[in-house]
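In the working numbering, the protein residues as written are 1074 to 1476. Below is one structure; the comments refer to it alone.
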């Protein structure tokens, strides 16, 4: 009996610790804010409690509809595509392309539009992928032939060729890919490159998404760095404010996963600022590191990156001044919380008067970050332990009976 109760006590501590970490794998005590130094030699900029003026946010301006808006919009696009409503899709596309309309968080709606197709066109199931891919390619070819003056189906063809390449490549290490699949991977990358640069090169002046696909293809075809940077310069000169150009470059080219490193990411983030500061100041800097945090281990953002945290905070404030959407607040809170910047986490929480769990990774992430900002981590841990014990008593009453 004593051994059983001891087991439950240990499980309580382990379970509460896991919950306290939210979605992150970091230990619960890493949420503490006593020491904000980064233990990396020659690090460019540690998180320090500098004497910055705390920014005040107008909560009346904070919007809360970004994720719902995206979902509704994308569902509509997917229904139109499934029902071959090409004319309606063309009209939406042309309007978004011309207007450069943004979502409430500041993303181009054209990005959300293309994301709708990415979800449709990327088939993961190996057995079905070929049939699904061929079906999509046939449909988009029909669309292209019916509307030869619309860029959209042509861009989607290039995306499909790249998607087919990835179906052969997979997400694992290159050493796990068969010789035949590597051959097909390179074949479809070459087809995508030829299609973009020989069949539809003129569309590079029309649609910024052309450049997003082109840069991805150049990265994975192992073109020289000089060729890649030339293509990147061209893309950012033509469409400097189209975020996916920068975001995809970080994830696909400068990420350590694909041979890049964190120092290159920092240099690239400042390059992006130089391209966008005329209209957006330093906003792109924190947006890029948001992408880094989403696609790489967030703990490495704190320990290994070359991010300038004071500059990051300045950038975040510029984003939130122009786009005070709760989606933005939530994600910047989560990053600041995970890297243990207590002062800034607390500041950002003051910008939202309510929370919607749709904007958070999960409820525990919200509770963890709020407790971190308030300095009530220990109280939260005790509360979770108590709830867990109560649940154990309900689920296993026989172990808690007093003889």
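Using N, Cα and C, we set each Cβ at its ideal position, and we do this for glycine too. As the structure is a prediction and not an experimental result, all values here were calculated from the model.
Return helix, strand or coil for residue i, following the three-state DSSP convention.
i            : result
residue 1398 : strand
residue 1384 : helix
residue 1138 : coil
residue 1378 : coil
residue 1334 : coil
residue 1428 : coil
residue 1355 : coil
residue 1367 : helix
residue 1392 : helix
residue 1472 : helix
residue 1433 : coil
residue 1104 : Because residue 1104 carries a pLDDT of 33, less than 50, the predicted location of this residue cannot be relied on, and no value is offered for it.
residue 1414 : coil
residue 1422 : helix
residue 1406 : helix
residue 1349 : helix
residue 1190 : helix
residue 1249 : helix
Which residues bound the alpha helix (DSSP H) around residue i?
i            : result
residue 1228 : 1225-1242
residue 1252 : 1252-1267
residue 1284 : 1282-1293
residue 1459 : 1450-1468
residue 1297 : Where residue 1297 is concerned, there is no enclosing alpha helix (DSSP H), given that its DSSP letter is neither H nor E.
residue 1329 : Here residue 1329 belongs to no alpha helix (DSSP H), and DSSP marks it neither H nor E.
residue 1316 : 1316-1322
Using 8 Å as the threshold, is the C-beta distance between residue i and residue j below it?
i            : j            : result
residue 1378 : residue 1335 : yes
residue 1355 : residue 1303 : no
residue 1438 : residue 1422 : no
residue 1266 : residue 1299 : no
residue 1223 : residue 1163 : yes
residue 1257 : residue 1268 : no
residue 1405 : residue 1380 : no
residue 1312 : residue 1281 : yes
residue 1228 : residue 1286 : yes
residue 1398 : residue 1139 : yes
residue 1261 : residue 1238 : yes
residue 1276 : residue 1308 : no
residue 1181 : residue 1316 : yes
residue 1050 : residue 1410 : It is not possible to answer for residue 1050, since the shown part of the chain is limited to 1074 through 1476.
residue 1314 : residue 1349 : yes
residue 1338 : residue 1346 : no
residue 1374 : residue 1364 : no
Straight-line CA distance for residue i to residue j?
i            : j            : result
residue 1425 : residue 1168 : 32 Å
residue 1464 : residue 1173 : 52 Å
residue 1185 : residue 1416 : 33 Å
residue 1189 : residue 1324 : 19 Å
residue 1203 : residue 1253 : 15 Å
residue 1263 : residue 1165 : 31 Å
residue 1369 : residue 1466 : 39 Å
residue 1454 : residue 1436 : 14 Å
residue 1392 : residue 1470 : 52 Å
residue 1496 : residue 1195 : It is not possible to answer for residue 1496, since the shown part of the chain is limited to 1074 through 1476.
residue 1248 : residue 1330 : 14 Å
residue 1301 : residue 1159 : 34 Å
residue 1419 : residue 1443 : 8 Å
residue 1326 : residue 1244 : 15 Å
residue 1141 : residue 1296 : 39 Å
Starting from residue i, follow its DSSP beta bridges and name the residues at the other end.
i            : result
residue 1181 : 1175
Taking Cβ positions only, does residue i come closer than 8 Å to chain B?
i            : result
residue 1285 : No chain B appears in this structure, which consists of one protein chain only.
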